[in-house]
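Colleague: In the working numbering, the protein residues as written are 12 to 71.
Written out as structure tokens, the structure reads:
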């Protein structure tokens, strides 16, 4: 099963990707560009957020 840490990271990554895609589409970007920006934002979140959460745990 998923731990709370993994669930939090996946939920936030999905939220960031969705908001990025919606903003790109609202700005008038074509859908392939919006999907690419969505994937980049989600990937960046998956790359950065776990490290930030681990640093916070190390400080406890």
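The beta-carbon is built from N, C-alpha and C at its ideal position, and this holds for glycine as well.
#1: Measure the C-alpha to C-alpha separation of residue 17 and residue 57 and round it to an integer number of angstroms.
#2: Where does residue 29 land, buried or exposed, given buried means 16+ other C-beta within 10 angstroms?
#3: Mind checking residue 22: buried by the 16 CB within 10 Å criterion, or exposed?
Modeller: If we stick to the structure as given:
#1: 10 Å
#2: exposed
#3: exposed
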